[in-house]
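All residue numbers for the sequence shown refer to this note's numbering, where the first residue is 929 and numbers rise by one. Ideal Cβ positions, reconstructed from N, Cα and C, are used throughout, including at glycine. Heads up: the structure comes next, in structure tokens.
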Amino acid sequence: MKKIYFISFVIMMGLSPDPTSAQQRPPIIDMHMHTGLPHEVPPGTPALCRPEPCNGDGQATVDPEALRQKTLEIMDRYNIVKGFLSGVDWSDVRTWKEEAPERFIASPFIVKPDKKTLANLETEYNMGHFHGLGEIGTQLAGIPPNDPSLEPYFKLAEDLDLPVLIHTLGIGPYMPHFRTSAGDPLLLEDVLIQHPKLRLFVENAGFPYQEEMIAMMYQYPQLYVDVSTITWVIPRSAFYDYLKAFMRAGLGKRVMFGSDQMVWPEKIGAAVEAIEQAPFLSEDQKRDIFYNNAVRFLKLESSKETTAMDKMKE
Ligand SMILES: [Zn+2]
């Protein structure tokens, strides 16, 4: 039905049926974008890959201006209408947002949850610069999500009703203080009990803590996840096995698309294709992951797509 409507729309508009054109692609929301990496890499560095030994492809774009341009071009190509964007350098995040105000939900990357950062954050929110919190990447510094130092951050996010992204999973960058053991999703339980209204989503669906993550999602309905880096950093078969487990568990309405492109904007396309090519996902499930679940989670008003579909049903 959707397809027929779409084809007739294309004919009406006199558009050529080029499968790569953005107008033909339904909208996507990318819940996991960055203005760069939390640590520096030389230009041209191949993309991350796991598990080693493995060979990453692509070349890092480290110049902030070039990275922004390339990212926006690829967002256009895939009709990515919005991105949840964070960066360690908050001024970069503000610049991206100023350049493309409709495209990004600007949010600060948090590594060290000290009092000074918290005070600065309150100022940023008061000035209207940020509309999300995180990625909270304190696991990179070995700090688990239930560490008392994060408590005022969660309280602030709950009070301001902000969407919050957290890195709580088994893998991360090779940084000296990163700890896998600080990424068990069960560690989120204290946080969710303390802050029942917190709108939290977990990077990479807590990979590879599948059972722990599913248990948490069953028990805490407010908890969502993204599938971002795992769409391209681990073997495709491992990603599909993992995603399939969440779909089989009935959690397809709480999984959101992300790219986590960092300094490899080409990986946005790889991430989109990983979902598009998943043989076990129906078209409706793909639309939920790409768009509908994020609209609900972000409390965005009903989209043009929904309106068009509703009209068809009338
Ligand atoms: Zn990230």
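- [ ] Would you mind working out which of I1071, M1141, V1130 and A1143 sits nearest H1105, comparing C-alpha positions?
- [x] I1071 is the residue among I1071, M1141, V1130 and A1143 whose C-alpha sits nearest the C-alpha of H1105.
Open item on the list: Does Q1122 pass the burial test, meaning 16 or more other C-beta atoms within 10 Å, or should it be called exposed?
Closed with: Exposed, since its Cβ has fewer than 16 Cβ neighbours within 10 Å.
Open item on the list: Is E968 a contact residue of ligand 1, with contact defined as CB to any heavy atom under 8 Å?
Closed with: Taking 8 Å as the cut-off, one finds no heavy atom of ligand 1 near enough to the beta carbon of E968.
Task: Proximity of G1011 and V990 at Cβ, strictly below 9 Å - done: The Cβ atoms of G1011 and V990 do not sit closer than 9 Å to each other.
TODO: Whole angstroms is fine: what's the gap from K1172's alpha carbon to Q1213's?
DONE: Looking at the two C-alpha atoms, the distance is approximately 11 Å.
Open item on the list: Here's the rule I'm using: 16 or more other beta-carbon atoms within 10 Å means buried, otherwise exposed. How should R1127 be labelled?
Closed with: Result: buried.
TODO: For my contact list, G1186 and D1216 are in at a C-beta cut-off of 8 Å; report their separation, rounded to the angstrom.
DONE: Contact between G1186 and D1216 is absent: CB atoms are separated by about 14 Å, not below the 8 Å threshold.
Open item on the list: In whole angstroms, give me the CA-to-CA distance for D1118 and A1222.
Closed with: Here the C-alpha atom of D1118 lies approximately 25 Å from the C-alpha atom of A1222.
Task: Beta-ladder partner(s) of S1077, from DSSP - done: In the DSSP assignment, S1077 is bridged to no other residue.
TODO: Measure the C-alpha to C-alpha separation of S944 and P1029 and round it to an integer number of angstroms.
DONE: With a pLDDT of only 40 at S944, under the threshold of 50, the placement of this residue in the model should not be trusted, and no figure is reported.
Open item on the list: Quick check: the stretch 1012-1020 against the stretch 956-972, are at least 3 beta-carbon pairs closer than 8 Å?
Closed with: Yes, they touch.
Open item on the list: In whole angstroms, give me the CA-to-CA distance for K1239 and H1095.
Closed with: Legend: pLDDT at K1239 = 41, less than 50; position of this residue unreliable, value from coordinates given subsequently. Their backbone Cα atoms lie some 40 Å apart in a straight line.
Open item on the list: What does the Cβ neighbour count give for A994, buried or exposed, with the cut at 16 atoms within 10 Å?
Closed with: Result: exposed.
Open item on the list: From the DSSP secondary-structure annotation, give me the bridge partner or partners of I1203.
Closed with: Beta-bridge pairing links I1203 to no other residue.
Open item on the list: Assuming contact is defined by CB atoms lying nearer than 9 Å, are E1079 and F1037 in contact in what I supplied?
Closed with: Contact: no.
Open item on the list: Tell me the DSSP secondary structure of F919 in three-state form.
Closed with: This structure cannot speak to residue 919, because the chain is shown only from 929 to 1242.
Task: Residue range of the unbroken alpha helix (DSSP H) whose run includes D1004 - done: Taken as a continuous stretch (DSSP letters only), the alpha helix (DSSP H) holding D1004 covers P992 to R1005.
Open item on the list: Quick check: the Cα distance between K1227 and K1125, rounded to an integer number of angstroms?
Closed with: Straight-line Cα distance between these residues: approximately 14 Å.
TODO: Just mark E1211 as buried or exposed, buried being the case when its beta carbon has 16 or more other beta carbons within 10 Å.
DONE: By the neighbour-count definition (other C-beta atoms within 10 Å, threshold 16), E1211 is an exposed residue.
TODO: For E1229, I'd like the list of residues in its chain whose CB is within less than 7 Å of its CB, leaving aside the five on either flank, ordered along the chain.
DONE: Counting only Cβ-Cβ distances below 7 Å, and skipping sequence neighbours, we find nothing.
Open item on the list: Using 8 Å as the cut-off, can you tell me whether the stretch 1053-1063 makes contact with the stretch 1081-1090, which would need three or more C-beta pairs spanning the two stretches below that distance?
Closed with: Contact check between the stretch 1053-1063 and the stretch 1081-1090: three or more CB pairs, one atom from each, fall below 8 Å, which counts as touching.
Task: Nearest candidate by alpha-carbon position, reference V1039, set T1023, L1093 and D1089 - done: Each of T1023, L1093 and D1089 was checked against the Cα of V1039, and the nearest Cα belongs to L1093.
TODO: State the beta-bridge partners of P1036 as determined by DSSP.
DONE: Bridge partners of P1036: G1015.
Open item on the list: On a Cα-Cα basis, can you pick out the residue from N1007, N1048 and G1134 that is closest to Q1067?
Closed with: In terms of CA proximity to Q1067, G1134 leads the group N1007, N1048 and G1134.
Task: Simplified DSSP assignment, three categories, for Y1102 - done: Coil.
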